[in-house]
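Sequential numbering of the sequence shown, starting at 767, is according to the working numbering.
Glycine included, C-beta positions come from ideal geometry on N, C-alpha and C.
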Amino acid sequence: MDISEVRIRPVKGAGRMRAFASVVFGGQFVVHELKVVEGSEGRMFVAFPSKRAASGEYFDIAHPITADARDRIQQAVLAAYRQQVGGMAAEQAG
């Protein structure tokens, strides 16, 4: 299924987390609560939705099965994030 839409919600003051994202696949299926995170050395990555069990352990709620799918989703989310953040920076400067 193709990625038909990516929605970004930037967050401030949340440690290394920079935004939440929602990804729509083929205009028919959506996954909410992906996280855009700034990792070590400023490298950005996408963390997929997870839930904390009573034991304190985290488990994935939704995630890609293949490395190719993970890469395509991550590239789309990070491109949308950079576009939105870049636009916000331009608005603040103007």
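By Cβ distance below 6 Å, which residues in the same chain neighbour residue i in space, the five residues on each side in sequence not counted?
| i | result |
| --- | --- |
| Ala-856 | With a pLDDT of only 46 at Ala-856, under 50, the local geometry of the prediction cannot be trusted, and the value read off the model is given with reservation. Taken in chain order, the list of residues that qualify is empty. |
At which residues does the beta strand (DSSP E) containing residue i begin and terminate?
| i | result |
| --- | --- |
| His-798 | 795-804 |
| Ile-774 | 769-776 |
Our contact map puts residue i next to residue j with C-beta atoms below 8 Å; I'd like the distance itself, whole angstroms only.
| i | j | result |
| --- | --- | --- |
| Ala-846 | Ile-774 | 5 Å |
| Ser-806 | Val-796 | In fact, because the Cβ distance is near 30 Å, the residues do not count as touching under 8 Å. |
Looking at the structure shown, is residue i part of a helix, part of a strand, or coil, going by DSSP?
| i | result |
| --- | --- |
| Arg-782 | coil |
| Ala-842 | helix |
If you drop the 5 nearest sequence neighbours on each side, which residues of the same chain put their C-beta closer than 7 Å to that of residue i?
| i | result |
| --- | --- |
| Ala-819 | Phe-825 |
| Glu-804 | Arg-782, Arg-784 and Met-810 |
| Ile-827 | Pro-815, Ser-816 and Lys-817 |
Could you pull out every residue in the same chain whose Cβ sits closer than 8 Å to the Cβ of residue i, ignoring the five residues on either side in sequence?
| i | result |
| --- | --- |
| Val-777 | Met-783, Arg-784, Ala-785 and Phe-786 |
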